[in-house]
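Working notes, beginning with the structure itself.
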Amino acid sequence: MTAVSERRSDIHSGQYGLRTVYWVFPDRESTRRRAMWGAAFWDAYASVAEELGLRWVPAPPDAIAVDGSDLSDPKVYVHGERATPADSLFVTVPYTLPYQSADVFGQFAIYAVLEQCGFYLPAPPKWAAMNNDKLATVLFLRDSPVPPIPSVRIATGPDLGSRLYEPVLAGVTYPAIVKPVGWCSGWGVCLARTEEDLRNLLSLAQGGDTPVVVQPYLGENLVDYRVTVVDGEPRLVVRRTPKAGSLTANYGTGNYAFGTLPEELREAVAHFARRMPVPYFCIDFLFDGERYWFSEIELDGAIACPDPTDPEAVRGQRELVAARFTAYRNAHAAHLSEVSA
-5 MTAVSERRSD IHSGQYGLRT VYWVFPDRES TRRRAMWGAA FWDAYASVAE
45 ELGLRWVPAP PDAIAVDGSD LSDPKVYVHG ERATPADSLF VTVPYTLPYQ
95 SADVFGQFAI YAVLEQCGFY LPAPPKWAAM NNDKLATVLF LRDSPVPPIP
145 SVRIATGPDL GSRLYEPVLA GVTYPAIVKP VGWCSGWGVC LARTEEDLRN
195 LLSLAQGGDT PVVVQPYLGE NLVDYRVTVV DGEPRLVVRR TPKAGSLTAN
245 YGTGNYAFGT LPEELREAVA HFARRMPVPY FCIDFLFDGE RYWFSEIELD
295 GAIACPDPTD PEAVRGQREL VAARFTAYRN AHAAHLSEVS A
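Residue numbers (the working numbering): -5 to 335.
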């Protein structure tokens, strides 16, 4: 019996009450992007969930309606179907790529409503907000055994031309990395070789009212370690190196290789797991050739398959998705036990 079929047997035996995992995501993807994300991981999520006896249901914030007329028993509907804390959970973090910005408030608001309705949320709002701002993340985890990348945060609103941000530039060295505080997938990462470059990038960011962080450039031979943590344990380590001319090694822009957790990172991973008691998250570390740096946390780090033509890679992806959903299911059961105690 496979690991997935063993978990399916547990669910069908009635041991667990979870039936539906709702994934709240803004419905703004193009037809092309939707197909790309589906092939990369959405289809695997839905397929593995089905093998586990679960449903994985994507839902934009506006697909969720709540009847709060009886405050002792608020009723939540998703796509017109009743969802209850006993049989459903919601996975969402604020997705803030530029075309999703109109949805940010709706995501946060419905997430707060769901929490007050008693639903188990694997990435609760207090973590979701912190996770979404790169400076908030490193401030929260400033006591990391692996030092965070020094960061300066600058808002780029209508008063940018007044240069009220000048005091925070005192310690900036060049070249410097400039990137949005909350975007993902390596979007918007730029190199400022001079202060004039930085000011020009800030003026471009102002066009979208996008706050940015400024960080030291760690060199062209940078290696990115993505560590996936499930139930507090490092489950997968992927070593990512940028392609020629790229500043990032994210999905689609880097070269992947599965690896083992470097000893220098073991204490930091355990530390983060204690500080963030959630079932699933990913940590990114950077290695500049001499030392490791803590870069960021992702509470909804995508589980992609680096090579869909490799049966072993596909199997590894599906096993990790199964482990993630199993961790969610167990945490959901613990949440229900705690509430009913």
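By construction, the Cβ of each residue, glycine as well, lies at the ideal position given by its N, Cα and C atoms.
With which residues is T173 paired in a DSSP beta bridge?
Note that residue 173 is Lys in the sequence shown here, rather than Thr. Looking at the DSSP assignment, K173 forms a beta bridge with V207.
Which residues mark the beginning and the end of the beta strand (DSSP E) in which E45 is found?
Segment 37 to 45 is the alpha helix (DSSP H) holding E45; no beta strand (DSSP E) there.
Using three-state DSSP, classify I277 as helix, strand or coil.
strand
Compare the beta carbon distance of V315 and V15 with 8 Å and say whether it is the shorter of the two.
No, Cβ-Cβ distance for V315 and V15 is not below 8 Å.
I336 lies in the beta strand (DSSP E); which residues open and close that run?
Shown here, the chain extends from -5 to 335; a query on residue 336 therefore has no answer.
Just tell me which of A321, L158, R234, P144 has its CA closest to the CA of L212.
In terms of CA proximity to L212, P144 leads the group A321, L158, R234, P144.
Cutting at 7 Å between CB atoms, please list the residues of its own chain near E160, excluding the five before and the five after it.
Excluding positions up to five away in sequence, the list is empty.
Have a look at V221, Y114, L48, R157 and flag the residue whose alpha-carbon is nearest the alpha-carbon of I148.
When each option's Cα is compared against that of I148, the closest is R157.
Under a three-way DSSP split, which group does F113 fall into?
coil
Can you tell me whether A164 sits near the ligand HEM, meaning its C-beta is under 7 Å from at least one heavy atom of the ligand?
This structure does not include the ligand HEM; it has no bound ligands of any sort.
Start and end residues, alpha helix (DSSP H) containing L216:
Where L216 is concerned, there is no enclosing alpha helix (DSSP H), given that its DSSP letter is neither H nor E.
Mind checking whether R224 and A321 have CB atoms under 8 Å apart?
Before going on, a small fix: residue 224 reads as Val here, not Arg. Contact: yes.
Taking only the alpha-carbon atoms, compute the straight-line gap between L330 and N324 and give it to the nearest angstrom.
Put simply, the backbone Cα of L330 is about 10 Å away from that of N324.
Please report the distance separating the alpha-carbon of D64 from that of S179.
42 Å
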